[in-house]
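167 is the number of the first residue of the sequence shown in our numbering; add one for each residue after it. We treat Cβ as the ideally placed atom computed from N, Cα and C, and that holds for glycine. Bear in mind that the values here come from a model prediction, so they are computed numbers and not experimental data. Each remark here refers to the structure printed beneath this line.
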Amino acid sequence: MTRVLGIDPGSSATGYGVVEGDHGSFRLLECGVVRPRPSGTFAERLLQIHEGVLSVIDQHQPDCLAIEGVFYRENARTAVILSHARGVALLAGALRGLPVLEYAPAEIKKSIVGTGRARKDQVGYMVQKLLGLAAAPSPADAADGCAVALCHLMTGTGPLAAARATL
């Protein structure tokens, strides 16, 4: 079984999902959101995200960290802020010696839903189905963290990708 920590970075809410998978069978170990205190400075909020991700890594001992890449469309300031949140999550993985893999938002959506233009509710629904849950993980940031982990398990260097390569 491969254990993946999927991260959906954000400066106000960083979603995560710890998912195990092997040959099309998936199991959710934990998902949630790291929410830094909004009253803190930007640097303090980044530290809280970093510490939260480290805590999840230490608790679940994943084999790798998969993270959503920055999606830049119109607002460069938002992309820069998001990049900081990604950076502290990446640092947490690097400090624990984890391989870190990045997936584009459209790639994650396509691997989970079948289209790179899927809506958040569609991603949540498919995460629910793939993990055999009674409801989609909540909030949506947690579902997105699970989607990143599932994307890695089904594509990239995950076990299903290796199995597909031998077909």
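Review point. Measuring CA to CA, which of L267, S191, P175 is closest to M167?
Key: S191
Practice item. Determine, using beta carbons only, whether C230 and L264 come nearer to each other than 8 Å. Key: yes
Point to revise | Limits of the beta strand (DSSP E) - the one that F192 falls within | key: Run containing F192: 191-200, per the beta strand (DSSP E) assignment.
Practice item. Quick one: grab the DSSP three-state call for A232. Key: strand
Review point. By Cβ distance, which residues of its chain are closer than 7 Å to C312, with the 5 residues on each side in sequence left out?
Key: G172, G183, V185, L194, C197, V293, L297, P303
**Study point:** H169 - partner residues in DSSP beta bridges
**Key:** The question names His, yet the displayed sequence has Arg at residue 169. DSSP, once it has assigned bridges, lists E186 as partnering R169.
Check your understanding: Given V279, which residues of its chain have a CB within under 7 Å of its CB, disregarding the five upstream and five downstream residues?
Key -> When the five nearest sequence neighbours on each side are left out, the beta carbons in the same chain lying within less than 7 Å of the beta carbon of V279 are those of Q288, V289, M292, in order along the chain.
Point to revise | Cβ neighbour criterion (16 or more within 10 Å) applied to L267 | key: buried
Practice item. Classify T281 as helix, strand or coil using the three-state DSSP reduction. Key: coil
Review point. Per DSSP, what kind of secondary structure is T244 in: helix, strand or coil?
Key: helix
Exercise for review: Confirm, please, whether the CB-CB distance from G218 to T244 is below 8 Å.
Suggested key: Inclusion of T244 and G218 in the CB contact set at 8 Å is not warranted, their separation being larger than that value.
Review point. At what residues does the beta strand (DSSP E) containing L267 begin and finish?
Key: 266-269
Review point. Does DSSP put S177 in a helix, in a strand, or in coil?
Key: Three-state DSSP puts S177 in coil, outside helix and strand.
Check your understanding: Contact check, P202 vs F237 under 8 Å by CB: the rounded distance?
Key -> Separation of the CB atoms of P202 and F237 is rounded to 21 Å, and the pair is thereby denied contact status at 8 Å.
Point to revise | Contact under 8 Å by Cβ, V314 with E234 | key: yes
Point to revise | Boundaries (first-last residue) of the alpha helix (DSSP H) holding F237 | key: Looking at the DSSP string, F237 is not in any alpha helix (DSSP H), and its letter there is neither H nor E.
Practice item. Could you spell out the range, first to last residue, of the alpha helix (DSSP H) harbouring S221? Key: 208-226
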